[in-house]
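Numbering-wise, the UniProt record's numbering puts 183 at position 183 of the sequence shown, and it's gapless, one number per residue.
Shown next, in structure tokens, is the structure this report addresses.
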Amino acid sequence: MRFILFVGASNTLAESEIETQIKGAILIQPNIYLFESEDSQSAKSLAAKLGCSIKLAQELQGVASTSQSIADLVKSKNFSVTVLGGFKESSRMNQEIKELLQKGRFILPKDQFGLTPVLLSKHKIDEFFVDEEADEVWQTIWSHDFEHWIKKDRRMPYANAKAGILPPKIARSMISLVPLEPAGKLLVDPFCGSGRVLIEAAELGYTIGGADILAEQVKETKANLDFLGFEARLEVLDATHLSDKFSRVDAIVTEPFLGKPNLRPDQIRYLVPGLQKLYLGCLKNWVEVLKPGGYIVIVFPTFDDGKHIYKTSSVIDGKLELSYNLLKRDILYSRPNADVRREIVVLQKK
Ligand SMILES: C[S@@+](CC[C@H](N)C(=O)[O-])C[C@H]1O[C@@H](n2cnc3c(N)ncnc32)[C@H](O)[C@@H]1O
């Protein structure tokens, strides 16, 4: 069976997440991927695991892309048709179907993405996507649980935007870069902050462990995990000494300390060597923490002082190649208006 997946962000993180988690997926339009799956249940579970996924539609095999065949499929009072690759045609097609049905109500899509998950959850709507040229019809079968994502983003006991908290969907996408089945696997975040990475890992079914140099942060992580009913082994620890408390770890996924916020340009060149020393110290120590074949997904900040670009990921060049294979780099992600750009790197212990 064939499915199309609508993803929330057209950045290289979403691309890498899809590449790792959905074998053979093809980008057919900006933010829309085509893939095959045995049945709709497996396709839905796959979509629900990802950070970037917004909506999933299934191909209706043998259904012609005409207004009449779609009208025959409408069961709810409301329907909506989006014409893929010819968006402007959507209005005409919705009108035609309404005339054929002589009842019901259509909701016009605003763009190629069709209706929002909020709208779909509030009203019973049969939503279709049509490709007239390829004579294909797709029906929406799943959309992301936006209420749950909002709760994790804004309604946790500790959800302080000032602290530079990682958005939950980004944390989820980072974890998806680890090509492992989570059950029975231990995932650790050595810079756990308020626990965003750990929450997403727990939801996916990983056993989780975390550390932070500040007891206060560990307390926040614990409160956030308790709130959602998850347990973790948590330690107050310098990440460069992770091996004092953790071993036989399957994956480390982390957004480390990225430097103090709101730096002046003249402070950047003094900050960068300190950060690089910290990251190098961590990567050396984590060789002892990980199982052979274990993974690291880590954010490296890139700074620009107007004269020079400082890419802290350069610490992995050369020095660590005896210990790690470099699987992916240059996966870019930044928060809107952020002055620090983030590069995500995936390493595998040899
Ligand atoms: C960028 S924040 C992590 C945010 C986290 N991903 C979240 O969303 O809540 C970095 C964290 O690293 C901690 N930290 C700084 N230096 C550290 C070190 N040497 N070892 C362990 N943790 C450290 C800070 O206390 C802070 O909580």
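Here a beta-carbon is modelled for each residue, glycine too, at the ideal position from N, C-alpha and C.
For Leu283, the enclosing alpha helix (DSSP H) begins and ends at Pro265 to Val289. The closest heavy atom of ligand 1 lies 7 Å or more from the beta carbon of Gly51. A distance criterion of 7 Å places the beta-carbon of Gly259 beyond contact range of ligand 1, judged by its closest non-hydrogen atom. For Ser143, the enclosing beta strand (DSSP E) covers residues Glu136 to Ser143. Look at Phe300: its beta carbon is at least 7 Å from all of the heavy atoms in ligand 1.
Sequence-distant Cβ neighbours of Ile28 in its own chain, meaning closer than 6 Å and more than five residues away, are Leu34. Only residues of its own chain outside the window of five on either side were considered, and among them Phe87 have a CB closer than 6 Å to the CB of Gln112, listed in chain order.
Residue pairing of Tyr158 in beta bridges, as defined by DSSP: absent, with no partner found. Judged by DSSP secondary structure, Val118 falls within the alpha helix (DSSP H) whose first and last residues are Pro117 to Lys122. Rounded to the nearest angstrom, the Cβ distance from Gly114 to Thr140 is 7 Å, consistent with a contact under 8 Å. Set against 7 Å, the gap from the CB of Val197 to the closest heavy atom of ligand 1 is smaller. By the Cβ criterion, the stretch 58–78 is in contact with the stretch 131–140, since at least three pairs of Cβ atoms, one from each stretch, lie closer than 8 Å. In the DSSP annotation of this structure, Ile208 is not part of any alpha helix (DSSP H); the continuous beta strand (DSSP E) holding it starts and ends at Thr207 to Asp212.
Taking a C-beta distance under 8 Å as the contact criterion, Ser323 and Lys350 qualify as a contact pair. In terms of side-chain proximity, the C-beta atom of Thr116 is found no nearer than 7 Å to any non-hydrogen atom of ligand 1. Secondary structure note for Phe128: its beta strand (DSSP E) is the uninterrupted segment Ile125 to Asp131. The C-beta distance from Val299 to Arg329 rounds to 12 Å, too long to meet the 8 Å contact threshold. Asp266 has its alpha-carbon roughly 42 Å from the corresponding atom of Ile32. Linking Lys122 to Lys23 through their CA atoms gives a straight-line distance of about 33 Å. With a 10 Å radius around the Cβ and a threshold of 16 neighbouring Cβ atoms, Tyr206 comes out buried. Scanning its chain for C-beta atoms nearer than 8 Å, with the 5 sequence neighbours on each side dropped, one finds around Asn11 the residues Leu332 and Tyr333, in chain order.
Between Leu73 and Phe129, the gap from beta carbon to beta carbon reaches 8 Å or more. Asp145 has its alpha-carbon roughly 26 Å from the corresponding atom of Ala251. Taking C-beta atoms under 8 Å as the contact rule, Met174 and Ile344 qualify, at a distance of about 6 Å. Excluding residues up to 5 positions away in sequence, Ile175, Leu187 and Ile208 lie with their Cβ nearer than 6 Å to the Cβ of Ala201 in the same chain.
DSSP places Ser80 within a strand segment (E or B) once states are collapsed to three.
Minimum Cα-Cα distance from Lys98 among the listed residues Pro261, Ser76 and Leu258 corresponds to Ser76. Under the three-state reduction of DSSP, Ala223 is assigned to helix.
Glu231 is classed as exposed because its beta carbon has fewer than 16 other beta carbons within 10 Å across all chains shown.
Taking every protein chain shown into account, the CB of Lys260 has fewer than 16 other CB atoms within 10 angstroms, so this residue is exposed.
Within the stretch 56–107, complete beta strand (DSSP E) segments of at least 3 residues are found at 78–83, given in chain order.
Rounded to whole angstroms, Pro190 and Ala211 show a C-alpha spacing of 5 Å. Leaving aside the five residues that flank Glu220 on each side, the residues in its chain whose CB is nearer than 6 Å to its CB run, in chain order, Tyr158 and Ser194.
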